[in-house]
Amino acid sequence: MLADDMACNHRNPKPATVFSHKNMELNVYGDDVEVDYRGYEVTVENFLRVLTGRLPPSTPRSKRLLSDDHSNILIYLTGHGGNGFLKFQDSEEISNVELADAFEQMWTKRRYNELLFIIDTCQGASMYERFYSPNLMALASSQVGEDSLSHQPDLA
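Heads up: the sequence shown runs through residues -19 to 136, numbered per the numbering used here.
What follows is the structure in structure tokens.
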């Protein structure tokens, strides 16, 4: 899932590109990146449906998480967050309770063996305070009450 809100943002001085450094050597928004959900498809509802496998029958296999009790899954979320929530598309939020319940449904439905959850957002650790499922590890870029801001040092 990719919000896809940077490459075509009106504030982007180089439309349809995303660079991680001011030297602009590597466009991380290449043509060879395959994305199953992008733009307005990136919603809390779709995210939870993919995790729990509760998708309409018409959903193509490529847009499903085809996992089982032998699968080890990595989930990385980044964006704006606060105490107990993460924003999707700057318009809706997923709570730590909703996420914890989705992971429990995944465990109950045998959709993973081990799950590693990484979150890079302000107060990121608050998103895993409610987790209660087994075989789930979590890592955050910030503690509760702490900001997590991006930083690109100017080494020139």
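Every residue, glycine too, gets a C-beta built ideally from N, C-alpha and C.
key: Those runs of the beta strand (DSSP E) which lie wholly inside the stretch 9 to 47 and span at least 3 residues   = none
ask   = Whole beta strand (DSSP E) runs in the stretch 47 to 104 with 3 or more residues, listed along the chain?
value = 52 to 58, 65 to 68, 72 to 75 and 94 to 100
message = Closer than 8 Å is the cut-off here; do at least three beta carbon pairs connect the stretch 86 to 103 with the stretch 42 to 56?
response = yes
request  = Take residue 100 as the anchor and find which of 72, 70 and 60 has the nearest alpha-carbon.
outcome  = 60
ask   = Can you tell which of 103, 46, 3 and 58 has its C-alpha closest to the C-alpha of residue 64?
value = 103
Reduced DSSP category for residue 4 - H, G, I as helix; E, B as strand; rest coil = coil
ask   = Does the count of Cβ pairs from the stretch 108 to 123 and the stretch 66 to 74 closer than 8 Å reach three?
value = no
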